[in-house]
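Visitor:
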Amino acid sequence: MKIKLNGELRESSAQTVAELLQELQAPVTGVAIAVNEQVIRKSEYATTPLQEGDVVELIRAVQGG
Numbered sequence: 011m012k013i014k015l016n017g018e019l020r021e022s023s024a025q026t027v028a029e030l031l032q033e034l035q036a037p038v039t040g041v042a043i044a045v046n047e048q049v050i051r052k053s054e055y056a057t058t059p060l061q062e063g064d065v066v067e068l069i070r071a072v073q074g075g
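Here my numbering is used: the first residue of the sequence shown is 11, the next is one more, and so on.
Laid out in structure tokens, this is it:
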């Protein structure tokens with residue numbers, strides 16, 4: 011299916027937010043995820059479905075100074 015990830019169209023086979031993170035090889039900690047402008051709790055990653063055309067924003071926390 012096609013989703014929009016951080017502003018770019020992307021083909022994905024992920025059915026849930028957790029599967030998308032696994033597909034991207036992204037860490038589960040230190041990230042914030044919103045699907046269609048709805049922030050998703052980490053405890054809900056595995057149960058939050060993704061659908062064709064969803065808009066996903068993935069934000070990674072970085073340290074620095």
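No residue lacks a Cβ here, since even glycine has one placed at the ideal position from N, Cα and C. The structure presented is a predicted model; accordingly, all values stated were derived computationally and were not measured.
Report all residues from its chain with a CB closer than 7 Å to the CB of Asn-46; omit the five preceding and five following residues, and keep chain order.
Guide: The residue you call residue 46 lines up with position 36 of the sequence shown. Answer for Asn-46: Asp-64 and Val-65, listed in chain order.
Visitor: Tell me the start and end of each unbroken beta strand (DSSP E) in the region 34 to 60 that is at least 3 residues and wholly inside, in chain order.
Guide: 41 to 45 and 48 to 50
Visitor: Whole-angstrom Cβ separation of Lys-12 and Glu-67, contact assumed at under 8 Å?
Guide: On the sequence shown, residue 12 is found 2 positions in, with the first residue counted as 1. On the sequence shown, residue 67 is found 57 positions in, with the first residue counted as 1. No, Lys-12 and Glu-67 are not in contact; Cβ-Cβ is about 16 Å, not under 8 Å.
Visitor: Figure out for me which residue from Thr-57, Arg-20, Ala-42 and Ala-44 has the closest Cα to the Cα of Glu-33.
Guide: Your numbering for residue 33 matches position 23 in the sequence shown. Considering only alpha carbons, the answer is Arg-20.
Visitor: What residue range does the beta strand (DSSP E) around Val-65 cover?
Guide: For the purposes of this step, residue 65 is taken as the residue at position 55 of the sequence shown. From DSSP, the beta strand (DSSP E) with Val-65 extends over 65 to 70.
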